[in-house]
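Undergrad: Please read through the structure below; I'll follow up with questions.
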Amino acid sequence: MVLVTALPLGLLALVTSGRAQVSYAIKSGELIVETGDVFVGRRRILLADVISSRAVELGGGTRRMGTALPGYCVGRFSYVGLGTVWQATDCSRRAVVLATRGGDAPIVLTPPDRTAFLAQLAQQQETTVVLPPPSSGTLSRVLLGLACLVAVSVGLLVALLLRGPSRMRYRLEASALEVQTMFRTRRWSTVGWRARRHRPKVTLRLAGTAAPGYYTGLFRADGRTTRIYATQLDDGVLIEGPARLFLSPEDPEAFLTELRRAGVVVDAGPPSRGAGA
Numbered sequence: 002m003v004l005v006t007a008l009p010l011g012l013l014a015l016v017t018s019g020r021a022q023v024s025y026a027i028k029s030g031e032l033i034v035e036t037g038d039v040f041v042g043r044r045r046i047l048l049a050d051v052i053s054s055r056a057v058e059l060g061g062g063t064r065r066m067g068t069a070l071p072g073y074c075v076g077r078f079s080y081v082g083l084g085t086v087w088q089a090t091d092c093s094r095r096a097v098v099l100a101t102r103g104g105d106a107p108i109v110l111t112p113p114d115r116t117a118f119l120a121q122l123a124q125q126q127e128t129t130v131v132l133p134p135p136s137s138g139t140l141s142r143v144l145l146g147l148a149c150l151v152a153v154s155v156g157l158l159v160a161l162l163l164r165g166p167s168r169m170r171y172r173l174e175a176s177a178l179e180v181q182t183m184f185r186t187r188r189w190s191t192v193g194w195r196a197r198r199h200r201p202k203v204t205l206r207l208a209g210t211a212a213p214g215y216y217t218g219l220f221r222a223d224g225r226t227t228r229i230y231a232t233q234l235d236d237g238v239l240i241e242g243p244a245r246l247f248l249s250p251e252d253p254e255a256f257l258t259e260l261r262r263a264g265v266v267v268d269a270g271p272p273s274r275g276a277g278a
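As structure tokens, then:
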């Protein structure tokens, strides 16, 4: 979660700082598009490779890959009537589209004066067009929202690491097992269950939490769907019945003894090892 939110947060910080600003320069037989984007940055197009250029009204746009923020749209987009294009624009509808040799995607730009820009391209007249920077008001609000999301995510992760293991509890009462985690308590009847020491082979988290020292939820273990409520996966107790549970009590042998008293069939022996995909 932290990484997912930190990446757009960093991008927004770049935009609001004014470094992400689009410009077009016609110079020495080239069109140089500066995006300020950390992934693209600059793109050069030989004017001799431009086979057509025209003004268009964009509509029905969809971002395929790239950045789409208020006043700053860079990357691959798709438009009705144009198909997939590469663009570096201010996200407005009034644009120019360039087709080049080599089968590359058309290039979409949004110079303020489209007629003048097309004439300068045709005459290879040296000029530089700098688009206004993205509006920082809206972006700052988005940045603040993402910052709050990152703060909550980091706080939740720290809470899980520091408090999660200490909040995990197993309780046995009159043919029932109760498991308490940081956020909820689950309860199962132990009638008809079987238990043993086990070392699972966990291959996939299906739903829940998998932080170091705090594993809760549905996992794929030993090739089977397993509910895991544990602080470590090296050694613990596997309980099989209507559900498949893996727990990690501090003293597995003592816990198995308590399970036996609660009516659970306990298989003695060293810990079994997980197998399967």
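Residue 2 is where the sequence shown starts when you use the numbering used here, and the numbers rise one by one after that. The beta-carbon is built from N, C-alpha and C at its ideal position, and this holds for glycine as well. Predicted, not measured: the structure shown is a model, and the values here were computed from it.
Starting from R262, follow the alpha helix (DSSP H) in both directions and report where the run begins and ends.
TA: It spans 253-262 - the alpha helix (DSSP H) in which R262 sits, taken as one unbroken run.
Undergrad: Alpha carbon to alpha carbon, how far is G209 from A263? Give it in angstroms, no decimals.
TA: Roughly 28 Å separates the two Cα atoms.
Undergrad: Report the partner residues of V238 according to the DSSP bridge assignment.
TA: Beta-bridge pairing links V238 to R198, L248.
Undergrad: Per DSSP, E124 forms a beta bridge with which residues?
TA: The sequence shown places Gln at residue 124, rather than the Glu named in the question. In DSSP, Q124 forms no bridge with anything.
Undergrad: Kindly give me the distance between the Cβ atoms of V265 and T191, rounded to whole angstroms, as I take these residues to be in contact under 8 Å.
TA: About 5 Å; that satisfies the 8 Å criterion.
Undergrad: Quick check: the Cα distance between M66 and C149, rounded to an integer number of angstroms?
TA: If you take the alpha carbons of M66 and C149, they lie about 26 Å apart.
Undergrad: I need the straight-line Cα distance from V131 to R95, nearest angstrom please.
TA: Cα to Cα, the separation comes out at about 16 Å.
Undergrad: Beta carbon of W194, beta carbon of I229: below 8 Å?
TA: Cβ distance not < 8 Å, so W194 and I229 don't count as in contact.
Undergrad: How would you write the range of the beta strand (DSSP E) that F78 sits in, first residue to last?
TA: That run of the beta strand (DSSP E) goes 73-80.
Undergrad: Kindly indicate the opening and closing residues of the beta strand (DSSP E) around T217.
TA: Per DSSP, T217 belongs to the beta strand (DSSP E) from 215-222.
Undergrad: For the beta strand (DSSP E) holding A49, just list the boundary residues, first then last.
TA: No beta strand (DSSP E) contains A49, which DSSP labels as neither H nor E.
Undergrad: Are the beta-carbon atoms of L119 and V98 separated by less than 8 Å?
TA: No, Cβ-Cβ distance for L119 and V98 is not below 8 Å.
Undergrad: In chain order, what residues of the same chain lie with their CB nearer than 7 Å to the CB of T63, ignoring the 5 residues before and after it?
TA: Cβ neighbours of T63 beyond the five flanking positions: F78, S79.
Undergrad: Provide the residue(s) that pair with M66 in DSSP beta bridges, ordered along the chain.
TA: M66 is bridged to R77.
Undergrad: Residues in the same chain with beta-carbon distance under 7 Å from R261, minus the five sequence neighbours each way, listed in chain order, please.
TA: Closer than 7 Å at Cβ, skipping near neighbours: V267.
Undergrad: Write down every uninterrupted run of the beta strand (DSSP E) in the stretch 85-126 whose length is 3 residues or greater and which is fully enclosed by it, in chain order.
TA: Counting only runs of 3 or more, we get 95-101, 108-110.
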